[in-house]
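Student: Residue numbers (this note's numbering): 484 to 547. The beta carbon of each residue, even a glycine, is placed where N, CA and C say it ideally should be. Note that this is a predicted model, so its numbers are computed, not measured.
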């Protein structure tokens, strides 16, 4: 939603009127996209590790 609203410059005048620069919004959007990407990488890594853990449990049951 942020990207769509920023492209339309919705409510931007409120912030620029208080002294913010449009470049601050561009930088904030970039930072958020980087953060989301990083969290997605960790989430995918967690899923891979979880599958390996389940396989290890199965091996333990066979030897019991």
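(1) Taking 8 Å as the threshold (C-beta atoms), are residue 494 and residue 512 in contact?
(2) The alpha helix (DSSP H) spanning residue 490 covers which residue range?
(3) Do you know how far the Cα of residue 505 is from the Cα of residue 492?
(4) Which of the three DSSP states, helix, strand or coil, is assigned to residue 501?
(5) Return helix, strand or coil for residue 494, following the three-state DSSP convention.
Tutor: In brief:
(1) Going by beta carbons, residue 512 and residue 494 fall outside the 8 Å limit.
(2) Run containing residue 490: 485-490, per the alpha helix (DSSP H) assignment.
(3) Going by the C-alpha atoms only, they are around 9 Å apart.
(4) In the structure shown, residue 501 sits in coil (DSSP, three-state: anything other than H, G, I, E or B).
(5) Under the three-state reduction of DSSP output, residue 494 falls in the coil class, being neither helix nor strand.
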